[in-house]
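Residue numbers (the numbering used here): 2 to 397.
(1) Quick one: residues in its chain with C-beta nearer than 6 Å to the C-beta of residue 309, no 5 flanking neighbours on either side, listed in chain order?
(2) List the endpoints of the continuous alpha helix (DSSP H) containing residue 268.
(3) Could you give the first and the last residue of the continuous beta strand (DSSP E) run that contains residue 100?
(4) Are the beta-carbon atoms of residue 195 and residue 217 separated by less than 8 Å?
(5) Taking the C-alpha atoms as reference points, what is the distance between residue 21 and residue 140?
(6) Within its chain, find whatever has a CB closer than 7 Å to the CB of residue 33; leave out the 5 residues flanking it on each side and keep chain order.
(7) Against chain B, with Cβ distances strictly below 8 Å, would residue 160 count as a contact?
(8) If we require 4 or more residues per run, which alpha helix (DSSP H) segments fall completely within the region 34-81?
(9) For residue 296, does the count of other Cβ atoms within 10 angstroms reach 16, so buried, or fall short, so exposed?
(10) Out of 92, 66, 85, 60, point me to the one whose CA is closest to residue 72's CA.
(11) Inspect the CB distances between the region 262-274 and the region 363-379 and report whether three or more fall short of 8 Å.
(12) Going by DSSP, what residue range makes up the alpha helix (DSSP H) through residue 378?
(13) Is it buried or exposed for residue 226, if we count other Cβ within 10 angstroms and need 16 for buried?
(14) When the Cβ atoms of the region 307-322 are set against those of the region 281-289, are three or more pairs found closer than 8 Å?
(15) At the level of alpha carbons, what is the spacing between residue 66 and residue 94?
(16) Check the C-beta distance from residue 157 over to residue 177 and give it rounded, since I have them as a contact under 8 Å.
(17) Using DSSP with H/G/I as helix, E/B as strand and the rest coil, what is residue 7?
(18) For residue 304, count neighbouring Cβ atoms within 10 angstroms of its own Cβ and tell me buried if that reaches 16, exposed if not.
(19) I need the DSSP call for residue 30, collapsed to helix, strand or coil.
(20) What's the C-alpha gap between residue 137 and residue 173?
(21) Go ahead and pull the three-state DSSP assignment for residue 142.
(22) Could you have a look at residue 21 and say whether DSSP puts it in helix, strand or coil?
(23) Which runs of the beta strand (DSSP E) spanning at least 3 residues fall entirely within the region 302-335, listed in chain order?
(24) Would you list, in sequence order, the uninterrupted alpha helix (DSSP H) runs of no fewer than 4 residues that lie entirely inside the region 192-236?
(25) Please name the residue or residues paired with residue 162 in a DSSP beta bridge.
(26) In angstroms, rounded to a whole number, what distance separates the CA positions of residue 126 and residue 211?
(27) Note the first and the last residue of the continuous alpha helix (DSSP H) segment covering residue 351.
(28) According to DSSP, is residue 117 helix, strand or coil?
(29) Of all the options 111, 192, 193, 213, which has the alpha carbon lying nearest to the alpha carbon of residue 164?
(30) What does the alpha-carbon distance come out to for the pair residue 40 and residue 53?
(31) Kindly indicate which three-state DSSP category residue 248 falls into: helix, strand or coil?
(32) When the Cα of residue 159 is compared with those of 75, 89, 28, 15, which residue comes out closest?
(33) By how many angstroms is the C-alpha of residue 189 removed from the C-alpha of residue 220?
(34) Measure the alpha-carbon distance for residue 266 versus residue 205 and round it to whole angstroms.
(35) Could you check which residue in 274, 215, 96, 301 has the C-alpha nearest to that of residue 115?
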């Protein structure tokens, strides 16, 4: 069985998203009705407003040093709708309960440096040991951004397009990215504990860590559904899975690593075009699930036993000094019960040869010796594969 139940994780992630949205709405309403609920001083220009169809900084430049810098602002309970953000650097800013809806950040890039997009507590009584976790959200936006040394925990990114976006030294714990498209994403020394990426197509994901990005057992990456089903696409998805698997492995999450390694090898197999490598990959897959599926050796062994049993029934075997061979028309059954008896005898032979036990009651005839020898060798190999797969999983 797979270690990660993807359907269950997706369901739990969507349920968590729903609760977070409802929590944000409730706290948003409380703060708008009573501004004393928060202890920070809101910026008068940008807070408690609906800003629609605005272009914020129309000048464009390729030099980050020439970006318009907005510094030390507390932007509270603001909805930016269909706004355009060009070449802006938000520095040391705090965003509280802000929503960016159908906004475009792709006109030259936006930097969030040392910014905060979470308010852990509002001024409610009682507040002891209570976390409100009022977060921000990007909805149906085009993001071309750099998040540097920022706190974006519990952030919601829904139905967005993220291209050439970088997250560096940033706390992304419990963030949810859902129904989105991600391309050329760079992650460096981030905290993804509890983070979830759901129903999102990822193309080119890299961890360029100087220290180590943090993942935990609750970090979840949903399966990537191929769209074009071409060799290049399969290779791209395979590389994304490989990147994710390696990062889980670095965080000593061996079972999570194994699951994404399995997905990685599956996608790699689909990208192979040459017959020999593809055949070898298929054999590796159905015999042991690339070393990640304990039941695969057992299922494969049972199928092989039935195949060899059919071959004994066809080519011939001896039972109580009587030869039965359907190929030569010898000892054909006269009733259905007799047929079932012969099938049972062949299965017994196949099990005994496969496991190397042997039997004196039913034996292969000389015409079936090559089948028996082949089955014995295959049986030894499959037992080794099964033990190896089981040991690999138990060691973890």
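The beta-carbon is built from N, C-alpha and C at its ideal position, and this holds for glycine as well.
Fair warning: this is a prediction, and the values are worked out from it, not measured in the lab.
According to the structure shown:
(1) 351, 376
(2) 255-272
(3) 100-102
(4) yes
(5) 14 Å
(6) 49, 78
(7) Considering every chain present, this structure includes no chain B. It has just one protein chain.
(8) none
(9) exposed
(10) 92
(11) no
(12) 370-396
(13) exposed
(14) no
(15) 18 Å
(16) 5 Å
(17) helix
(18) exposed
(19) helix
(20) 12 Å
(21) coil
(22) helix
(23) 318-320, 323-325
(24) none
(25) 143, 182
(26) Note that residue 126 scores a pLDDT of 42, beneath 50, so its modelled location is shaky; the value from the coordinates is reported in the next line. Approximately 43 Å, taken between the alpha carbons.
(27) 337-356
(28) strand
(29) 111
(30) 27 Å
(31) helix
(32) 15
(33) 16 Å
(34) 17 Å
(35) 96
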